[in-house]
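My numbering applies: residue 636 is where the sequence shown begins, and numbers increase by one.
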Amino acid sequence: MTADQDLDSGLPIRLLHDRVLVKLEGSEGERRSSAGIVIPATAAVGKRLAWATAVGVGPNVRSIVSGDRVLFDPDDRSEVELHGRGYVLLRERDVHAVAAERVEVDATGLYL
């Protein structure tokens, strides 16, 4: 998110350092398997990563841009509500993968 952008209305928001603001995909409730079976929200699931869409990035984020889909651990998240909508605030290092058309097929995604 740039310095002059805001979410819907209100004051402009600038993310700092290596922060990434994401919007979760789908709901946290029940979900469907690939075969169409409904799995209730109360069903115990092992460690499961979640996909979200980046809606804003801080100035020191190197691998993610707004609009990218990112994979992260939902247990390591900070939730925030902005203008009545729920978002998750992450550090870039907490993101496990990025899915975007600009990502090179043979690239490892690693940097030193």
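Every residue, glycine too, gets a C-beta built ideally from N, C-alpha and C.
Continuous beta strand (DSSP E) stretch holding residue i: start and end
{"i": "Val692", "result": "Ala685 to Val692"}
{"i": "Leu650", "result": "Here Leu650 belongs to no beta strand (DSSP E), and DSSP marks it neither H nor E."}
{"i": "Arg654", "result": "Arg654 to Leu659"}
Closer than 7 Å: residue i CB and nearest the ligand PLP heavy atom
{"i": "Val730", "result": "No copy of the ligand PLP occurs in the structure displayed, which carries no ligand at all."}
Contact set for residue i: own chain, Cβ-Cβ below 6 Å, skip 5 residues either direction
{"i": "Arg726", "result": "Asp653"}
{"i": "Leu642", "result": "Its pLDDT being 48, under 50, Leu642 is placed unreliably by the model, and the measurement read from it follows with that caveat. These residues qualify, in order along the chain: Leu717 and His718."}
{"i": "Asp588", "result": "A query on residue 588 cannot be resolved here, the shown segment of the chain reaching from 636 to 747 and no further."}
Bridge-paired residues (DSSP) for residue i
{"i": "Ala735", "result": "Note: Ala735 sits in no beta bridge, so no partner."}
Spatial neighbours of residue i in its chain, beta-carbon cut-off 7 Å, leaving aside the 5 residues before and after
{"i": "Ile699", "result": "Val655, Ala689, Val692, Val705, Glu727, Val730 and Val733"}
{"i": "Val696", "result": "Asp653, Val655 and Glu727"}
{"i": "Leu659", "result": "Ala685, Ala687 and Val723"}
{"i": "His650", "result": "For the sequence presented, residue 650 should be read as Leu rather than His. Taken in chain order, the residues that qualify are Met636, Leu656, Gly691, Val692 and Gly693."}
Sequence-distant residues of the same chain with beta carbon closer than 8 Å to residue i, five excluded per side
{"i": "Asp703", "result": "Thr688, Ala689, Val733, Ala734 and Ala735"}
Q: Could I get the ranges of all uninterrupted beta strand (DSSP E) runs contained in the stretch 701 to 732, with 3 residues as the minimum, in chain order?
A: Correct list: 704 to 707, 713 to 717 and 720 to 726.
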